[in-house]
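Per this note's numbering, the very first residue in the sequence shown carries number 24; after that it's consecutive.
A virtual CB, placed ideally from N, CA and C, is assigned to each residue, including glycine.
Computed from a prediction, not measured in an experiment: that's the story for all the values here.
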Amino acid sequence: MRPFSAPQLNPATETGWRRRWFDIIYRHDSRPSRNFDLILVVAIIASILVVMIDSVQHLHAEWSTGLYILEWAFTIIFTAEYLLRLAVVKRPLRYAVSIWGIIDLLSILPAYLSLFIPGAQSLLVVRALRILRVFRILKLTRYIEESGVLMTSLWRSRRKVLVFLFTVITITIIAGALMYVIEGPEHGFSNIPASMYWAVVTMATVGFGDIVPQTVLGRFVTSVLILIGYSIIAVPTGIYTAELASTMREAELAARRDARGCPHCGLEGHEPDARHCRRCGGELPDAFNH
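Written out as structure tokens, the structure is:
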């Protein structure tokens, strides 16, 4: 099972508003469903930006009231969405314990925890995990044939590379928020954007040394990020190389098909392993001799 695959869910009812909302939320083959997902992704990104801006001291001092209202507005929206997702399915627990259900719950819990635990609100950037929903909006379409094998391979690997880039961005956001909570301004992690800068530098294994973690937990997070950094170049390179090899094999097979014309009736485009013409039944020449 894929880690981010949606659980198999059934509608709570076959008619009525619950069925209509089930189709909108869980089916992704209609315009209302895609619009719902698009609005949700925009709201997630906007809420993350609000949390980041709120962590910048001078911006917080200037816009604290507005940012507070916006954050709770987003929290109410996401809470309503979470409850709606549970209400329209036949077995709510199946969604609640799925990876998406857990992420949805984690995205709203920090706001309520912040009422009792100072600093918990910064962990609202866990909502970045929900940006992965954007890939359900994008429909798989036929790859556009480019004139060059390299461009075709790059185009074909774009989705895997984008998933990887979104994963790196997500790790950067969450690591920045964690270090902001763990280390704090007294150790140079003055806000979440500054902490994200540190995370990028650490994963790139550059290490300028302008921001250095002082706590044991902070150094542990640093060690994990350094190990992750080694995969940043290797993973997309491997993805592209595999796609390039596949594209080259397809081009070779296409060339063999084009070369295998029937000497009896002239029909072209036979499969590489075909022995006889599909039109006249005549024997075909060996493709490997071309």
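Through-space distance from residue j to residue i, alpha-carbon basis
{"i": "G124", "j": "I131", "result": "11 angstroms"}
{"i": "V224", "j": "A96", "result": "34 angstroms"}
{"i": "T260", "j": "T195", "result": "20 angstroms"}
{"i": "R107", "j": "L90", "result": "At residue 107 the sequence reads Leu, which differs from the Arg that was named. One C-alpha to the other measures close to 26 angstroms."}
{"i": "S218", "j": "S254", "result": "21 angstroms"}
{"i": "G305", "j": "C288", "result": "8 angstroms"}
{"i": "S137", "j": "T98", "result": "12 angstroms"}
{"i": "I122", "j": "M226", "result": "26 angstroms"}
{"i": "P208", "j": "T238", "result": "13 angstroms"}
{"i": "R41", "j": "L129", "result": "24 angstroms"}
{"i": "P115", "j": "Y220", "result": "40 angstroms"}
{"i": "I249", "j": "G230", "result": "10 angstroms"}
{"i": "E275", "j": "R57", "result": "38 angstroms"}
{"i": "T175", "j": "E206", "result": "45 angstroms"}
{"i": "F139", "j": "V120", "result": "25 angstroms"}
{"i": "V258", "j": "T38", "result": "46 angstroms"}
{"i": "P133", "j": "V247", "result": "24 angstroms"}
{"i": "L61", "j": "R301", "result": "48 angstroms"}
{"i": "I167", "j": "S269", "result": "No answer about I167 holds up, because its pLDDT of 34 lies below 50 and its placement is not dependable."}
Those residues which DSSP pairs with residue i across a bridge
{"i": "H299", "result": "E306"}
{"i": "V112", "result": "P34"}
Reduced DSSP secondary structure (H/G/I, E/B, other) of residue i
{"i": "P286", "result": "coil"}
{"i": "T50", "result": "The residue you asked about is not Thr; residue 50 is Arg in the sequence shown. Coil at R50, not helix or strand."}
{"i": "V79", "result": "coil"}
{"i": "T88", "result": "helix"}
{"i": "E206", "result": "coil"}
{"i": "P133", "result": "helix"}
{"i": "L61", "result": "helix"}
{"i": "Y118", "result": "helix"}
{"i": "V138", "result": "According to the sequence provided, residue 138 is Leu. The question's Val does not apply to it. Coil."}
{"i": "V235", "result": "coil"}
{"i": "G39", "result": "coil"}
{"i": "T102", "result": "helix"}
{"i": "V229", "result": "coil"}
{"i": "R165", "result": "Because the pLDDT at R165 is just 29, under 50, the model does not fix this residue reliably, and the point stays unresolved."}
{"i": "F97", "result": "helix"}
{"i": "I160", "result": "Residue placement at I160 is flagged as unreliable, the pLDDT there being 39, under the threshold of 50; the coordinate-derived value follows with that caveat. Residue state, collapsed to three classes: helix."}
{"i": "Y253", "result": "coil"}
{"i": "S218", "result": "helix"}
{"i": "F212", "result": "coil"}
{"i": "S180", "result": "coil"}
Rounded Cβ spacing between residue i and residue j (contact assumed at less than 8 angstroms)
{"i": "G241", "j": "M202", "result": "6 angstroms"}
{"i": "V235", "j": "A198", "result": "With 8 angstroms as the limit, V235 and A198 do not qualify as a contact, their Cβ atoms being about 15 angstroms apart."}
{"i": "L307", "j": "C285", "result": "6 angstroms"}
{"i": "T180", "j": "Y118", "result": "Looking at the sequence provided, one finds Ser at residue 180 rather than Thr. Wrong, their Cβ atoms sit about 32 angstroms apart, outside the cutoff."}
Touch check for the region 83-90 and the region 101-115: three-plus C-beta pairs under 8 angstroms?
-> no
Do the region 205-213 and the region 67-76 touch if we need at least three Cβ pairs shorter than 8 angstroms?
-> no
Would the region 50-70 and the region 173-192 be scored as touching if the rule is three or more Cβ pairs under 8 angstroms?
-> no
Segment contact flag, the region 60-70 with the region 110-126, C-beta cutoff 8 angstroms, min 3 pairs | no
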